[in-house]
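Q: Quick one: the structure is below, questions incoming.
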Amino acid sequence: MCSTEWKNQILEQLKNIVDPDLRQNIVDLGFVRNLERIAKEDGGYDVRFTLQLTTPACPVKETFRQEAIDAVSSLDWVRNVQVDLQANQVQTSGNRPLHKVKHIIAVASCKGGVGKSTVAVNLAFTLAKLGGKVGIMDADIYGPSLPILVQPEDRIVQYKDGKITPLEYQGVKLMSFGYINTESAIMRGPMIANMMNQLLTETDWGCLDYLVIDMPPGTGDIQLTICQTISLDAAVIVTTPQQLSFQDVIKGIYMFDKVSVPCVALVENMAYFEPKDMPNKRYYLFGNGKGQKIADDYGIPFMESLPLDPDLCRWSDSGTPAVLVMSESKISQLYHSLASAVVQEIAKRAFGNRSKVPQVVFDSDKCAIVISNIDPSDGNTIHNQVEWTPWDLRNACRCALCVDEWTGMERPKHVDRNVKPLQIQSAGNYAFSVVWSDGHQSLYPFERVAHTKVQESAYSNTPASTQG
1 MCSTEWKNQI LEQLKNIVDP DLRQNIVDLG FVRNLERIAK EDGGYDVRFT
51 LQLTTPACPV KETFRQEAID AVSSLDWVRN VQVDLQANQV QTSGNRPLHK
101 VKHIIAVASC KGGVGKSTVA VNLAFTLAKL GGKVGIMDAD IYGPSLPILV
151 QPEDRIVQYK DGKITPLEYQ GVKLMSFGYI NTESAIMRGP MIANMMNQLL
201 TETDWGCLDY LVIDMPPGTG DIQLTICQTI SLDAAVIVTT PQQLSFQDVI
251 KGIYMFDKVS VPCVALVENM AYFEPKDMPN KRYYLFGNGK GQKIADDYGI
301 PFMESLPLDP DLCRWSDSGT PAVLVMSESK ISQLYHSLAS AVVQEIAKRA
351 FGNRSKVPQV VFDSDKCAIV ISNIDPSDGN TIHNQVEWTP WDLRNACRCA
401 LCVDEWTGME RPKHVDRNVK PLQIQSAGNY AFSVVWSDGH QSLYPFERVA
451 HTKVQESAYS NTPASTQG
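Using the UniProt record's numbering, read the sequence shown as starting at 1 and increasing by one per residue.
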């Protein structure tokens, strides 16, 4: 059997394995490397090759390995199969801040007291458990939480060659203003922004797969400065079931949209309580949240509801991330799901074919907003189009100003028949935003508007259809 023939046989078998996120087989994606065979005395061969993963924290890496072994072992001339796993090296620019960090994740909330820092810490340590090299940056100068939530033995910050050496706990690198200066400080916005920039860019993070940034609450200048200083890959937004928290979530979504950062997950924290002595009972202490509805309306691909867990609170207060000591608990499983979803969404953006995202343009000749859906088989061919008049699409907006997020009822609105889009841009892989001539800004999930036009009857009998 010539070298080309045996390699082709193996590759044909491996083409049956499809990456669940990128939706292509691992051969066409270029994941199969270093294919070799070793002759055996009985005339058969041992086979060895490498699978090049998108990230060392790939949640399905062992599934890939076993599927590859099973696929190649089905060939009658193969005796043993060895599959090595390696992570893809993302090309980074040496000119940008944090150029040795592959992916930067912001964990944000627009309201304090929702448990954002606890989520950020446990997300970071779960990413490390998945196999990634991880750091976490506490960006809250006024009220740093990381020194309380994570308490390494050695808490003395060192400086080397003009750089800050981060602390480390269980393999995760840590930095916070609280580790440097434990005294209270009264500082104004420009001072805060400058100090935050120094902590971010002058900390020697080394080579990281993921840097989790625990953002300060709010959507002001400090938050925007962070977004504009570094290149964020994704945002995770944390909220609670209360109506006030959800109203603030929308502000966060639009803040990240302005700086072209995709919101890849929404976390509804303290969503319910399950007593240990009655595990089948669930109490919604703060009411039933609207997390899934928000995620659906704004094109956020993943939503997780986390319970109010006394054990998690106890471990957090002790300075130990709960996922390290409660590895078999439900809360750890939920964080595993969250971390896996974040990893997969980042991989889609970093390694997927972005041309598969529907294209949205305003055709001035037709006076129509045209959404072109791309054929996933080749990533280029347009296989169907949906056209919206500007007035129809403007009326289809489901933002908090147009629809009561709590009741789902449409708010009265009067849209000018001559309304036009001033700006259209993609917001991640799942939505696009429009700035309208009437001053309104809308965010539309592709899932809702890119395949079938919403019937006009959905809003024709409401005040929203009234001509301005």
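Backbone N, C-alpha and C fix where the C-beta goes; we use that ideal spot for every residue, glycine too.
1) I need the DSSP call for I156, collapsed to helix, strand or coil.
2) Does the separation of the CB atoms of L98 and L224 fall below 8 Å?
3) I'd like to check one pair, P262 with S109: are the Cβ atoms closer than 8 Å?
4) I'd like the span of the alpha helix (DSSP H) that includes A139, first residue to last.
5) According to the neighbour-count rule (16 or more other Cβ atoms, all chains shown, within 10 Å of its Cβ), is V361 buried or exposed?
6) Buried or exposed: which applies to N280, given that a residue is buried once 16 or more other Cβ atoms fall within 10 Å of its Cβ?
7) Any heavy atom of the ligand NAP closer than 7 Å to the Cβ of L232?
8) What's the C-alpha gap between I186 and Y142?
9) Please go through the same chain and pick out, in chain order, the residues whose beta-carbon is closer than 6 Å to the beta-carbon of A120, but skip the five residues on each side of it.
10) Within the continuous beta strand (DSSP E) that includes F432, where are the two ends?
11) Taking the alpha-carbon of A124 as reference, which of K111, S231, W77, M175 has the nearest alpha-carbon?
12) Expressed to the nearest angstrom, what Euclidean distance is found between the alpha-carbon atoms of Q82 and D28?
13) When the cut-off is 8 Å and only beta carbons count, does Y284 lie next to chain C?
14) Based on Cα-Cα distance, which residue from V259, S426, G439, C227 lies nearest to K420?
15) With burial defined as no fewer than 16 other Cβ atoms inside 10 Å of the residue's Cβ, what is the status of D84: buried or exposed?
16) Quick check: the Cα distance between N34 and F351, rounded to an integer number of angstroms?
17) Over what stretch of residues does the beta strand (DSSP E) that includes F49 continue unbroken?
18) Please work out which residues of its chain come closer than 8 Å, Cβ to Cβ, to K163, disregarding the five sequence neighbours upstream and downstream, and give them in chain order.
19) Measure the C-alpha to C-alpha separation of L127 and M326 and round it to an integer number of angstroms.
20) Looking only at DSSP bridge pairs, what is A339 linked to?
21) Using the three-state DSSP reduction, which class does N34 fall into: helix, strand or coil?
22) Let me know if H414 comes out buried or exposed under the rule of 16 or more other beta-carbons within 10 Å of its beta-carbon.
23) Taking buried to mean at least 16 other C-beta atoms within 10 Å of its own C-beta, is S184 buried or exposed?
24) Taking only the alpha-carbon atoms, compute the straight-line gap between residue 487 and S332 and give it to the nearest angstrom.
25) Among the candidates T55, H383, A39, V114, whose CA atom is the shortest distance from the CA of Q344?
26) Between which two residues does the alpha helix (DSSP H) containing R65 stretch?
27) Pairs of beta-carbons, one from the segment 249-269 and one from the segment 299-312, closer than 8 Å: are there three or more?
28) On a CA-only basis, which of A396, P390, S73, H103 is nearest S231? Give me that one, please.
29) Output the distance between the C-alpha atoms of I26 and D19, rounded to the nearest integer angstrom.
30) To the nearest angstrom, how far is the alpha carbon of V134 from that of W436?
31) Could you pull out every residue in the same chain whose Cβ sits closer than 6 Å to the Cβ of H451, ignoring the five residues on either side in sequence?
32) So the candidates are D209, I250, V259, K40; which of them puts its Cα closest to the Cα of T229?
33) Straight-line CA distance for V157 to N122?
34) From the DSSP output, in three-state form, read off E5 for me.
35) So, R411 versus L401, is the Cβ gap smaller than 8 Å?
36) Taking the alpha-carbon positions, what's the E67 to Q9 distance?
A: To lay it out plainly:
1) Three-state result, I156: coil.
2) Inclusion of L98 and L224 in the CB contact set at 8 Å is not warranted, their separation being larger than that value.
3) No.
4) Taken as a continuous stretch (DSSP letters only), A139 belongs to no alpha helix (DSSP H), as it is neither H nor E.
5) V361 comes out exposed.
6) Exposed: under 16 other Cβ atoms inside 10 Å.
7) This structure simply doesn't include the ligand NAP, nor any ligand for that matter.
8) With a pLDDT of 47 at I186, under the threshold of 50, the modelled position of this residue cannot be trusted; read the value that follows with caution. About 8 Å.
9) Closer than 6 Å at the Cβ level, and outside the excluded window around A120, lie V107, V212, D214.
10) Per DSSP, the continuous beta strand (DSSP E) segment holding F432 begins and ends at 431-436.
11) Of K111, S231, W77, M175, the smallest CA-CA separation from A124 is found for M175.
12) Each residue's Cα considered, the two are about 21 Å apart.
13) The structure shown contains no chain C; it holds only a single protein chain.
14) The shortest Cα separation from K420 among V259, S426, G439, C227 belongs to G439.
15) With fewer than 16 other Cβ atoms within 10 Å, it is exposed.
16) Straight-line measurement puts the Cα of F351 at about 20 Å from the Cα of N34.
17) Where F49 is concerned, the enclosing beta strand (DSSP E) stretches over 45-53.
18) The residues are E202, T203, D204.
19) For L127 and M326, the gap between their C-alpha atoms comes out near 15 Å.
20) In the DSSP output, where bridge partners are listed per residue, A339 has none listed.
21) Annotated three-state conformation of N34 is strand, per DSSP.
22) H414 sits exposed, since fewer than 16 C-beta atoms from the chains shown fall within 10 Å of its C-beta.
23) For S184, the predicted structure reports a pLDDT of 42, less than 50, and the residue's modelled location is therefore unreliable. The matter cannot be settled from this model.
24) There is simply no residue 487 to check, as the chain begins at 1 and stops at 468 in what is shown.
25) Closest by alpha carbon: T55.
26) Boundaries of the alpha helix (DSSP H) around R65: 61-73.
27) Note that the segment 249-269 touches the segment 299-312; at least 3 beta-carbon pairs, one per stretch, sit closer than 8 Å.
28) With distances taken between Cα atoms, S231 lies closest to H103.
29) For I26 and D19, the distance between alpha carbons rounds to 6 Å.
30) Their Cα atoms are separated by approximately 40 Å.
31) Excluding positions up to five away in sequence, the list is empty.
32) Comparing Cα positions, the closest option is V259.
33) Those two C-alpha atoms are separated by around 22 Å.
34) Correct three-state label for E5: helix.
35) The beta carbons of R411 and L401 sit closer together than 8 Å.
36) Straight-line measurement puts the Cα of Q9 at about 16 Å from the Cα of E67.
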